[in-house]
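Asker: Each residue of the sequence shown is one higher than the last, beginning at 1 in the numbering used here. In this text, a Cβ means the ideal position worked out from N, Cα and C, and glycines have one as well.
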Amino acid sequence: MLEKSLANLCGAINGFEAVGMLEGTENVRTAMHAILEHAVKSARIKDEFEYLWSPGVQTIMVVAESRKTGAGYEFYYDHWYNTLHFKSFIQHPYHLKNLQDVFLVDFFKVFADYGFQYQQNAFSPTLEKRFPDLHRKTKSNFFQLMRNYFLFVTEEDFNIKNFDLGYFEASWTFEKDVETIFDELALALKWFYKFNYQLWKFEDLVKKRSL
1 MLEKSLANLC
11 GAINGFEAVG
21 MLEGTENVRT
31 AMHAILEHAV
41 KSARIKDEFE
51 YLWSPGVQTI
61 MVVAESRKTG
71 AGYEFYYDHW
81 YNTLHFKSFI
91 QHPYHLKNLQ
101 DVFLVDFFKV
111 FADYGFQYQQ
121 NAFSPTLEKR
131 FPDLHRKTKS
141 NFFQLMRNYF
151 LFVTEEDFNI
161 KNFDLGYFEA
171 SWTFEKDVET
181 IFDELALALK
191 WFYKFNYQLW
201 KFEDLVKKRS
211 L
């Protein structure tokens with residue numbers, strides 16, 4: 001079943017231009033939806049997901065939205081660059097301070113082993129001007145995440161409701177075979193979900209205590 005879905009994705013991508021935008025988009029979307037469902041099963045996540053899709057000029061995206069936490073997991077194909085991507089925005093980022101060291105060590109080891117990335121989504125020219133050394137280019141995902149967290153929460157106009165810490169992303173070219181891409185997709189989903197689930201648990205506890 002998985003093998004057929006992977007073959008369908010390859011066929012849909014290879015035939016994308018030949019069949020035209022509408023049919024090509026539908027073929028890719030259908031294959032990606034099936035693969036994302038397989039990834040959820042492979043990651044053994046105890047949750048239910050609603051599957052949505054979003055057409056774009058450059059990308060074809062399928063989103064698995066957690067019914068428990070509300071977090072979305074976006075799997076998309078960029079047909080301009082012929083690349084696949086998977087990303088998830090960090091939910092309830094203020095609770096990052098509550099995560100255990102052992103979890104963060106394991107989490108970022110996976111990033112180092114498989115080339116996953118943390119991406120900043122909000123920028124503050126004021127902070128970059130005040131702390132230029134901290135904003136020099138670095139390959140450390142952990143440093144960038146913690147730097148942004150501490151700088152944002154210590155700003156005078158910090159608003160927890162508008163706190164955007166960015167997202168985690170995995171990207172692939174077709175230099176890798178689709179079987180390897182699937183294995184890494186399932187791994188990324190497993191760990192991105194774990195991260196957001198940990199933050200959601202703290203947010204849920206805060207809400208319950210306020211009742």
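When the Cα atoms are used, what is the spatial distance from Ile45 to Met146?
Answerer: Counting from one through the sequence shown, the residue named residue 45 turns up at place 45. Counting from one through the sequence shown, the residue named residue 146 turns up at place 146. Going by the C-alpha atoms only, they are around 27 Å apart.
Asker: Would you say Ala71 lies against chain D (beta-carbon separation less than 7 Å)?
Answerer: The structure shown has no chain D; it contains just one protein chain.
Asker: Rounded to the nearest angstrom, what separates Tyr252 and Leu165 at their Cα positions?
Answerer: Because the chain is modelled from 1 through 211, residue 252 falls outside the range shown and cannot be assessed.
Asker: In this structure, how does DSSP classify Ala170 when only helix, strand and coil are distinguished?
Answerer: As a working note, residue 170 is residue 170 in the sequence shown. The answer is strand: DSSP assigns Ala170 an E or B state.
Asker: My output table needs one value for Ala24: the three-state DSSP class, helix, strand or coil.
Answerer: Stepping through the sequence shown from its first residue, residue 24 is reached at position 24. In the sequence on display, residue 24 carries Gly and not Ala. Three-state result, Gly24: helix.
Asker: Should Gln58 be labelled buried (16 or more other beta-carbon atoms within 10 Å of its own) or exposed?
Answerer: Translated into the one-based positions of the sequence shown, residue 58 becomes position 58. Exposed: under 16 other Cβ atoms inside 10 Å.
Asker: Tell me which residues share the same chain as Ala12 and place their Cβ nearer than 6 Å to its Cβ, disregarding the 5 neighbours each side in the sequence.
Answerer: Numbered from 1 along the sequence shown, position 12 holds the residue referred to as residue 12. Once the five neighbours on either side are set aside, the close Cβ partners of Ala12 are Asn27, Val28 and Ala31.
Asker: Ignore the nearest five residues each way along the sequence and tell me which others in Leu2's own chain have a CB closer than 6 Å to its CB.
Answerer: For this step, residue 2 is matched to residue 2 along the sequence shown. Cβ within range, chain order: His38.
Asker: How far does the alpha helix (DSSP H) with Glu179 in it extend, from its first residue to its last?
Answerer: Position 179 of the sequence shown holds residue 179. Val178 to Arg209 is the extent of the alpha helix (DSSP H) around Glu179.
Asker: Would the stretch 86–100 count as touching the stretch 194–202 if we require 3 or more Cβ pairs under 8 Å?
Answerer: Yes, the stretch 86–100 touches the stretch 194–202.
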